[in-house]
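Have a look at the structure below before the remarks.
Numbering (my numbering), first residue to last: 2 to 91.
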C-alpha cells in the first residue's frame, strides 16, 4: 500500500510542476512601465516600477505602439481557454 501511494505521488509531481511553471512573477524595474496587451493589441493592465506583474507562458514581449514612451515595455498575452464545466444531469 505504501508503494502504491509513493508511485501515485511521484506520478503527480510533474503535473504540479507544469502548472506552477506556467506563471512567473516579474518585478517591474526602476524607471520602467510594463503594459499587458490582449491578443488584439488593446491595453488590459499597466504596472509601474516596483510592482509585480504575473507573466504566463502565453505572454511575450512585443514592440509598443509609437504613442507609448520609451520607458514602456509591452507584453502581448493570449487569453487562456477556460474549460467548460460538466453539464448537470437532471
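For every residue, glycine included, the Cβ atom is placed at its ideal position computed from N, Cα and C.
Remember, predicted model here, so these are calculated numbers, not experimental data.
With a threshold of 16 other beta carbon atoms within 10 Å, residue 28 falls short and is exposed.
Per DSSP, reduced to three states, the secondary structure at residue 4 is helical. With contacts defined by Cβ atoms closer than 8 angstroms, residue 55 and residue 26 form a contacting pair.
Within the same chain, and ignoring the five residues on either side of residue 64 in sequence, the residues whose Cβ sits closer than 8 angstroms to its Cβ are 75.
Assigned with DSSP and collapsed to three states, residue 40 falls in coil, not helix or strand.
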